[in-house]
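Residue numbers (this note's numbering): 1070 to 1184.
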């Protein structure tokens, strides 16, 4: 579960735009993608302040799946997408113990093992 109020991103992460600092960047990030497309605004990039702030927020909150999805959500070439995902995942601490899904992928657990 998410903390009651997510911590703010590191200093300077969200400072490239309007100067507004939000306690939660998820709504702003999603609105920028959806409404921006509807209004035919410039396609967001990985350098946009809201995008960087949202990624920093997800990283701070240890929301790894959401971080991976957001890091690859912007239009990019396959190489750019792989690089963004690799950079995001390199900063994550390894899990204490691998999940059953990871063990299955690594062939360390039988595929018919009930999860």
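Quick reminder that beta carbons are idealized off the backbone N, C-alpha and C, glycines included.
Sub-8 Å separation of residue i and residue j beta-carbons
i            : j            : result
residue 1265 : residue 1140 : Lying before the first or after the last residue shown, residue 1265 is absent from the chain, which here runs from 1070 to 1184.
residue 1157 : residue 1136 : yes
residue 1119 : residue 1097 : yes
residue 1100 : residue 1133 : no
Where residue i falls, given that 16 or more other Cβ within 10 Å makes a residue buried
i            : result
residue 1109 : exposed
residue 1169 : exposed
residue 1122 : buried
residue 1166 : exposed
residue 1148 : exposed
residue 1151 : exposed
residue 1106 : exposed
residue 1128 : buried
Within-8 Å CB hit, residue i to chain D
i            : result
residue 1135 : Reference to chain D is not applicable here, since this structure consists of a single protein chain.
CB-CB length for residue i against residue j, believed under 8 Å
i            : j            : result
residue 1102 : residue 1113 : 7 Å
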